[in-house]
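Q: One structure follows; several queries about it will come next.
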Amino acid sequence: MENKKALIELKNLTKSYDDEIVVNNVNLTIYENEFLTLLGPSGCGKTTILRMIAGFIKPEEGEIIIDGKIFNELPPYARPIHTVFQKYALFPHLNVIDNVAFGLNNRSWEYLENFYGNQRIAAEQSALGETKNISVKKALKSLIYKDSVQALKLVKLEGYTNRKIDQLSGGQQQRVALARALVNKPKILLLDEPLAALDLKLRQNMQYELKEMQRNLGITFLFVTHDQEEAMTMSDRIVVMKEGVIQQLGSPKSIYNEPINRYVANFIGETNIIKGTYVKKDLVNFLGVDFACMGYSFNDQEEVDVVIRPEDFDVVDVDKAKLVGQVIFSLFKGVHNEYEVLVGNEKLTVHTYENYEVGQPIGLTIDPYEIHMMKVEKSE
Amino acid sequence: MNSEFKVLARPYKVWLSVLVFFPIIAMIFISISNLNSSVPFSDIAISFRHFELLLESSTLIAFRNSLLYASLTTLISFVLGYFVAYEIKKSKFKNKFILLTIVILPMWSNLILRTESLSNIMSENNILKSLIGFNIFGNISGTGIAVLFGLVFTYMPFMILSVYTALEKIDFSLEEAALDLGLTPLHKFWKVIFPLSLKGVVTGSIMVFLPTLAGFAIPKILSKGRIVFIGNIIENKFIYTNYNHGALLAIVILIFILGSIFLLTKFDKEGETLL
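Residue numbers (the numbering used here), protein chains in the order written: chain U, 98 to 477; chain G, 30 to 304.
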């Protein structure tokens, strides 16, 4: 990531509504061609950040720098950014192709000449008619139409050009909204929970497609969601937010495996957080047992929170186990079984393919690299 | 449940047939027969001689006046009313209901009373002049301007209300989407807001145009009888018990109204306007 060019920089960005701070001193750098997700529960300020970048609301303090220029005061229509809205916001009085072409159709002549370049316009002019003189206007119209059709093809909606918006399903409307933004070739695409209204299967498909599109088009995607699975699937980097403050920024893997605090650990998937003591280097004690660990350094004998993901437990024979517990609850989840295991007084969630009955004893071990530790937060 | 609703709909159905449907049939009959008080029942026959009335210049002028003033009133109400509605919609004022109430406030007073007062303050000597020392309207009572003013003043609230309703339905995210796609605020208005509010404009236009076309009280009072609408002729014909002529003109007006509604349904295929 280091060799990449910074595209958007947010510096000390702050915004409050009615004395309630919704975005609190946020600093964030977004690089070219990356898929960055702002993740957090509703009300954590993620959408507010998005809307500030889009230009719909003005930050109170701080700067939004895009491509080295300060964008704070620029109105939305002057920004090289397009948004895919949560409720799509398609124009009901226009058909599909007019919706897609809407942005380009309403641009000024100079903008379009710049957008397409004289060469492409000239090529289009000669392609349209060899003998007749084709006006630049006509050539531009034709180019816009072709681009719009191309954009619809990209979102797999060929043949829907003349449909009315209300004749489309939610998923199709979503695609039109995407095409409408992409046809303008934005540098940055902002997506505000665009998949929230779709059903699970469709959502999963769209996740892959979005990721693929982002990779192929080389556009920076800034995605907002409260769905951690969605964030995991698509993102290059994830920003976890809480109450207007960035909690953690990192790749999906690092956020999942090395959450920085309880909040992030709990928000990103199911997890077990156990109180423990960092005995000495590479040795941690929790649930009354010493475990080998690696890669963390705390003070000797410091209290720590130990994070173990349910799938990181190894289920073994009782006599070989480091921890022995009793299954108190079991749930068949399709791919795996989910058990609640009582070890001492601690309830652990364990995912495994093995079958156990409720009441049976179960043996668990944990590999050193699966043990993650966080500093204990004083407030908790 | 449904059958109970049907029962509740019955009174109005009876009302509609007794007081609307049958009278229209009767009117059509009267307009194409020689029926009048001096003709005995045995001599009643179909007769089209009243149709000559339609070619009389006084009738034609009345039709022209009605159409002209109705069109002008609609146009002026649209131009002035649209932006009032737009301003109300855009206003940050919390209780927009109060603003709308102010708009329809004049309607709370009696139409005739209101029009008479308007006529009064439009004439040379009036109470307002004695109070403030000068004449706001000048001396326009009895002119076309006075009639037009009265019509717009009376019917514009209908335009404002229906345009406002249409504007209020436009999702704010559409406006944001337009800005996002590179439209300036003015451009956004013409490309998104105005097209989406057209249904309100059409509904409002009908609500202004039809009563103006068929009305007679406002032109009579404000023009002091100088400008004759078709409604005034119909009124006179009935007052002087010339039922054949009155019925004939009323039918013609009805055809105008039905014709414009028909045109509208052609124009608005999904029937998304009120009609």
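Think of the CB as a built atom: it goes at the ideal place given N, C-alpha and C, for glycine as much as any other residue.
Using the beta-carbon count (16 or more within 10 Å), is residue 312(U) buried or exposed?
A: The count along the first sequence starts at 1 and reaches residue 312(U) at position 215. The residue in question, residue 312(U), is exposed, as its Cβ has fewer than 16 Cβ neighbours within 10 Å.
Q: Answer with yes or no whether the minimum CB distance from residue 450(U) to chain G is below 8 angstroms.
A: The residue given as residue 450(U) occupies position 353 in the first sequence. It does not: the Cβ of residue 450(U) has no partner Cβ on chain G nearer than 8 angstroms.
Q: Use the C-beta contact count for residue 402(U): other C-beta atoms within 10 angstroms, 16 or more gives buried, fewer gives exposed.
A: Along the first sequence, one-based indexing puts residue 402(U) at 305. That one is buried.
Q: Pull out every residue of the stretch 201–221 of chain G whose Cβ sits closer than 7 angstroms to any Cβ of chain U, in chain order.
A: So the close ones are 202, 203, 205, 206, 208, 209, 210, 211, 212, 213, 216, 220, 221.
Q: When we look at the beta-carbon of residue 442(U) and count the other beta-carbons within 10 Å, is it buried (16 or more) or exposed?
A: The residue labelled residue 442(U) in the question sits at position 345 within the first sequence. It counts as exposed.
Q: At the level of alpha carbons, what is the spacing between residue 170(G) and residue 258(G)?
A: In the second sequence, counting from the first residue as 1, residue 170(G) sits at position 141. In the second sequence, counting from the first residue as 1, residue 258(G) sits at position 229. Taking the straight line from one Cα to the other gives about 17 angstroms.
Q: Taking a contact to mean a Cβ-Cβ separation below 8 angstroms, would you say residue 346(U) touches residue 359(U) in this structure?
A: Residue 346(U) sits at position 249 when you count from the first residue of the first sequence. Residue 359(U) sits at position 262 when you count from the first residue of the first sequence. Result no, Cβ atoms of residue 346(U) and residue 359(U) do not sit closer than 8 angstroms.
Q: Spell out whether any CB of chain G is found under 8 angstroms from the CB atom of residue 203(U).
A: The sequence position of residue 203(U) within the first sequence is 106, counting from 1. Cβ-Cβ to chain G under 8 angstroms: yes for residue 203(U).
Q: Under the rule that 16 or more other beta-carbon atoms within 10 Å means buried, what is residue 81(G), buried or exposed?
A: Taking the first residue of the second sequence as position 1, residue 81(G) is located at position 52. By the neighbour-count rule (16 or more Cβ atoms within 10 Å), residue 81(G) is not buried but exposed.
Q: Residue 240(U) to residue 247(U), Cα distance in whole Å?
A: Within the first sequence, residue 240(U) is the residue found at index 143, counting from 1. Within the first sequence, residue 247(U) is the residue found at index 150, counting from 1. In a straight line, the C-alpha of residue 240(U) is about 10 angstroms away from that of residue 247(U).
Q: Suppose the cutoff is 7 angstroms on Cβ atoms and the five residues either side in sequence are ignored; what does the same chain contact list for residue 187(U) look like?
A: Within the first sequence, residue 187(U) is the residue found at index 90, counting from 1. So the qualifying residues of the chain are 196, 262, 270, 273, 274.
Q: Using three-state DSSP, classify residue 444(U) as helix, strand or coil.
A: On the first sequence, position 347 is the one that residue 444(U) refers to. If DSSP states are grouped into helix, strand and coil, residue 444(U) belongs with the strands.
Q: When you measure from the CB of residue 124(G) to every non-hydrogen atom of the ligand MG, does any distance come out below 7 angstroms?
A: What this structure holds is no ligand at all, so the ligand MG is not there to describe.
Q: Considering only C-alpha positions, which residue in the set 37(G), 179(G), 214(G) is nearest to residue 105(G)?
A: Here residue 105(G) is taken as the residue at index 76 of the second sequence, counted from 1. Cα-wise, what sits closest to residue 105(G) is 179(G).
Q: May I ask you to report which of helix, strand or coil DSSP gives residue 409(U)?
A: Taking the first residue of the first sequence as position 1, residue 409(U) is located at position 312. Note: residue 409(U) maps to helix in three-state DSSP.
Q: I want to verify the contact list: residues of chain G whose CB lies under 8 angstroms from the CB of residue 281(U), in sequence order.
A: The residue given as residue 281(U) occupies position 184 in the first sequence. 210, 211, listed in chain order.
Q: Could you name the residues of the same chain whose beta carbon sits closer than 8 angstroms to that of residue 12(G), not counting the 5 residues immediately before and after it, in chain order?
A: Nothing can be reported for residue 12(G): it is not among the residues displayed for chain G, which extend from 30 to 304.
Q: With a cut-off of 8 angstroms, does the C-beta of residue 112(U) fall near any C-beta of chain G?
A: As a first step, residue 112(U) must be located in the first sequence, where it is residue number 15. It does not; no Cβ of chain G falls within 8 angstroms.
Q: As an exercise, report each continuous alpha helix (DSSP H) stretch of at least 4 residues that is fully enclosed by the stretch 121–159 of chain G, in chain order.
A: DSSP runs (the alpha helix (DSSP H)) wholly in the stretch 121–159 of chain G: 125–133, 140–151.
Q: Report yes if the C-beta distance between residue 247(G) and residue 181(G) is below 8 angstroms; otherwise report no.
A: Here residue 247(G) corresponds to residue number 218 of the second sequence, with the count starting at 1. Here residue 181(G) corresponds to residue number 152 of the second sequence, with the count starting at 1. Cβ distance not < 8 angstroms, so residue 247(G) and residue 181(G) don't count as in contact.
Q: Helix or strand or just coil, what does DSSP make of residue 160(U)?
A: Counting from 1 along the first sequence, the entry for residue 160(U) is found at position 63. Of the three classes helix, strand and coil, the one that applies to residue 160(U) here is strand, per DSSP.
Q: With the cut-off set at 8 angstroms, would you say residue 468(U) and residue 386(U) are in Cβ contact?
A: For the purposes of this step, residue 468(U) is taken as residue 371 along the first sequence, with counting starting at 1. For the purposes of this step, residue 386(U) is taken as residue 289 along the first sequence, with counting starting at 1. Result no, Cβ atoms of residue 468(U) and residue 386(U) do not sit closer than 8 angstroms.
Q: Of the choices 466(U), 281(U), 397(U), 266(U), whose alpha-carbon is the least far from that of residue 296(U)?
A: Within the first sequence, numbered from 1, the residue matching residue 296(U) stands at position 199. Comparing Cα positions, the closest option is 266(U).
Q: With a 10 Å radius around its C-beta and 16 neighbouring C-beta atoms as the bar for buried, classify residue 234(G) as buried or exposed.
A: Here residue 234(G) refers to the residue found at position 205 of the second sequence. By the 10 Å Cβ count, residue 234(G) comes out buried.
Q: Using a Cβ-Cβ cut-off of 8 angstroms, state whether residue 254(U) counts as contacting chain G.
A: Counted from its first residue, the first sequence places residue 254(U) at position 157. Chain G, which has no Cβ nearer than 8 angstroms to the Cβ of residue 254(U), makes this no.
Q: Could you tell me which residues DSSP pairs with residue 254(G) in its beta bridges?
A: Locating residue 254(G) in the second sequence gives position 225, where the first residue counts as 1. DSSP lists no partner for residue 254(G).
Q: Which residues does DSSP list as the beta-bridge partners of residue 403(U)?
A: Translated into the one-based positions of the first sequence, residue 403(U) becomes position 306. For residue 403(U), which the question treats as bridged, DSSP gives the partners 371(U), 470(U).
Q: Between 365(U), 285(U), 460(U), 325(U), which lies nearest to residue 417(U) when the distance is taken from Cα to Cα?
A: For the purposes of this step, residue 417(U) is taken as residue 320 along the first sequence, with counting starting at 1. The shortest C-alpha separation from residue 417(U) is found at 460(U).
Q: Under the assumption that residue 147(U) contacts residue 127(U) (Cβ atoms under 8 angstroms), give the Cβ distance between them as a whole number of angstroms.
A: Here residue 147(U) corresponds to residue number 50 of the first sequence, with the count starting at 1. Here residue 127(U) corresponds to residue number 30 of the first sequence, with the count starting at 1. Not confirmed; about 11 angstroms, so no contact.
Q: Could you name the residues of the stretch 216–239 of chain U whose beta carbon sits closer than 7 angstroms to any beta carbon of chain G, in the order they occur along the chain?
A: Those would be none; no residue qualifies.
Q: At which residue ranges does the stretch 167–245 of chain U contain complete alpha helix (DSSP H) runs of 4 or more residues, listed in the order of the chain?
A: Taking only runs of at least 4 residues, the alpha helix (DSSP H) segments lying wholly in the stretch 167–245 of chain U are 193–202, 206–225.
Q: Go ahead and pull the three-state DSSP assignment for residue 108(G).
A: Counted from its first residue, the second sequence places residue 108(G) at position 79. It is helical.
Q: Does DSSP put residue 163(G) in a helix, in a strand, or in coil?
A: Locating residue 163(G) in the second sequence gives position 134, counting from the first residue. It is coil, neither helix nor strand.
Q: Are residue 280(U) and residue 200(U) closer than 8 angstroms when you measure CB to CB?
A: Within the first sequence, the letter at position 183 stands for residue 280(U). Within the first sequence, the letter at position 103 stands for residue 200(U). Contact flag set, yes.
Q: Check each residue of the stretch 167–197 of chain U: if its Cβ is closer than 9 angstroms to any Cβ of chain G, include it; give the result in chain order.
A: Answer in chain order: 172, 173, 174, 175, 176, 178, 179, 180, 182, 183, 184, 185, 186, 187, 188, 189, 190, 191.
Q: For residue 152(U), does the count of other Cβ atoms within 10 angstroms reach 16, so buried, or fall short, so exposed?
A: To locate residue 152(U), count along the first sequence from 1; it is residue 55. Burial call: buried.
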